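Asks:
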Amino acid sequence: MFESYVTGLLVGGGLIVAIGAQNAYVLSQSIRREHHWWSAGVCMISDIVLFTLGMFGVSAALTAMPQGLEILRWLGVVFLGWLAVQAFIRVIWGRGALTAKQQQRRSLKGVLLTTLAVTLLNPQVYLDTLLLVPAVGAQQQSTTGFLLGASSASVLWFGGLAWFGSSMAPVLSRPKVWRIIDGLIGLMMLTIALKLALVGLE
């Protein structure tokens with residue numbers, strides 16, 4: 133079981149780190165210290181639920197309905213493109229100008245809904261959690277151990293992002309630093325959106 137757990141930890145961790153939209157959003161919330169643990173928690177729970185569903189056969193149903201992934205693909209393109217535009221606006225005007233037009237802090241509900249959208253509107257998430265992870269997990273001696281390992285990877289990664297971002301907030305929240313961070317976030321979101329639109333799902 134331990135070997136399966138370690139395999140799940142490594143495979144799950146590698147896939148989670150590669151999903152840039154989630155990481156960028158959670159880190160952004162963490163640096164702002166704006167409901168960041170809630171945001172990280174949503175990502176953790178989403179991963180665990182999707183990993184579990186994938187291991188119990190939802191991947192077969194997903195494969196049988198490719199049109200569903202196609203719809204998610206274009207929803208993801210639109211949403212990630214919108215997030216990129218918002219980030220580039222903050223690069224130009226700064227977060228102070230943006231905040232002046234909005235409430236000082238976003239509501240917990242708003243943060244949770246945006247986190248869910250970033251997570252669930254990216255079809256790559258479904259390919260990773262419902263197809264790739266179960267494909268590897270099915271080959272393990274202990275599927276339960278593998279599932280626990282993959283789930284642990286999500287908890288450790290998003291917990292680490294929430295802690296790191298909030299701990300480094302005094303340094304990372306400076307206006308000039310935030311312009312750089314927002315620029316990188318914008319580029320990351322735009323790159324993912326363009327890849328989904330032009331290349332599709334591999």
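For reference, each letter of the sequence shown is one residue, going 133 to 334 in the numbering used here. Using N, Cα and C, we set each Cβ at its ideal position, and we do this for glycine too. These numbers were taken from a predicted model, which means no experiment stands behind them.
Which same chain residues end up closer than 8 Å to residue 291 when comparing Cβ atoms and leaving out the 5 residues on each side of it in sequence?
Replies: Working through the sequence shown from its first residue, we reach residue 291 at position 159. The answer, listed in chain order, is 172 and 176.
Asks: Output the boundary residues of the alpha helix (DSSP H) element that contains residue 245.
Replies: Here residue 245 corresponds to residue number 113 of the sequence shown, with the count starting at 1. Segment 240-252, the alpha helix (DSSP H) holding residue 245.
Asks: Return the CA-CA distance between residue 322 and residue 282, expressed in angstroms with no decimal places.
Replies: Along the sequence shown, one-based indexing puts residue 322 at 190. Along the sequence shown, one-based indexing puts residue 282 at 150. If I take the Cα positions, the gap works out to 28 Å.
Asks: Using three-state DSSP, classify residue 164 as helix, strand or coil.
Replies: As a first step, residue 164 must be located in the sequence shown, where it is residue number 32. Looking at residue 164 - three-state DSSP - the assignment turns out to be helix.
Asks: Grab me the residues of residue 269's own chain with a C-beta within less than 6 Å of its C-beta, minus the 5 sequence neighbours each way, in chain order.
Replies: Taking the first residue of the sequence shown as position 1, residue 269 is located at position 137. The answer, listed in chain order, is 187, 275 and 278.
Asks: Run the CB neighbour count on residue 183, radius 10 Å, all protein chains shown included, and call it buried at 16 or more, exposed below.
Replies: Position 51 of the sequence shown, counted from the start, is the residue given in the question as residue 183. Residue 183 is buried by the Cβ-count criterion.
Asks: Should residue 265 be labelled buried (16 or more other beta-carbon atoms within 10 Å of its own) or exposed?
Replies: Within the sequence shown, residue 265 is the residue found at index 133, counting from 1. By the neighbour-count rule (16 or more Cβ atoms within 10 Å), residue 265 is buried.
Asks: Kindly list the residues whose CB is nearer than 7 Å to the CB of residue 272, restricted to its own chain and excluding five residues on each side of it in sequence; keep chain order.
Replies: Here residue 272 corresponds to residue number 140 of the sequence shown, with the count starting at 1. Cβ within range, chain order: 136, 139 and 278.
Asks: Identify which residue in 148, 141 and 142 has its Cα closest to the Cα of residue 259.
Replies: Indexing the sequence shown from 1 puts residue 259 at position 127. The shortest C-alpha separation from residue 259 is found at 148.
Asks: With DSSP collapsed to three states, give me the class of residue 174.
Replies: One-based indexing of the sequence shown puts residue 174 at position 42. If DSSP states are grouped into helix, strand and coil, residue 174 belongs with the helices.
Asks: Helix, strand or coil: how does DSSP classify residue 154 here?
Replies: Counted from its first residue, the sequence shown places residue 154 at position 22. DSSP places residue 154 in helix when its eight states are reduced to three.
Asks: If you run the structure through DSSP and keep just helix, strand and coil, what is residue 256?
Replies: Taking the first residue of the sequence shown as 1, we reach residue 256 at position 124. Residue state, collapsed to three classes: helix.
Asks: Run the CB neighbour count on residue 239, radius 10 Å, all protein chains shown included, and call it buried at 16 or more, exposed below.
Replies: Working through the sequence shown from its first residue, we reach residue 239 at position 107. Residue 239 should be labelled exposed.
Asks: Start and end of the alpha helix (DSSP H) containing residue 189?
Replies: Along the sequence shown, read from residue 1 onward, the residue named residue 189 stands at position 57. First-last for residue 189: undefined, no H or E at that position.
Asks: Is residue 251 near residue 162, with beta carbons less than 8 Å apart?
Replies: As a first step, residue 251 must be located in the sequence shown, where it is residue number 119. As a first step, residue 162 must be located in the sequence shown, where it is residue number 30. Their beta carbons are not under 8 Å apart, which means residue 251 does not touch residue 162 by this criterion.
Asks: Near residue 165, what residues of its chain come up, given a Cβ to Cβ distance below 6 Å and the 5 sequence neighbours on each side ignored?
Replies: Working through the sequence shown from its first residue, we reach residue 165 at position 33. Excluding residues within five positions, the ones whose Cβ falls inside 6 Å are 298 and 301.
Asks: Given this structure, state the Cα-to-Cα distance separating residue 256 from residue 306, to the nearest angstrom.
Replies: Here the question's residue 256 lines up with position 124 in the sequence shown. Here the question's residue 306 lines up with position 174 in the sequence shown. Roughly 33 Å between the two C-alpha positions.
Asks: Cutting at 7 Å between CB atoms, please list the residues of its own chain near residue 160, excluding the five before and the five after it.
Replies: Along the sequence shown, read from residue 1 onward, the residue named residue 160 stands at position 28. Within the same chain, residue 160 has close Cβ partners 317.
Asks: Run through DSSP, which three-state label would residue 272 get?
Replies: In the sequence shown, the residue the question calls residue 272 occupies position 140. Coil at residue 272, not helix or strand.
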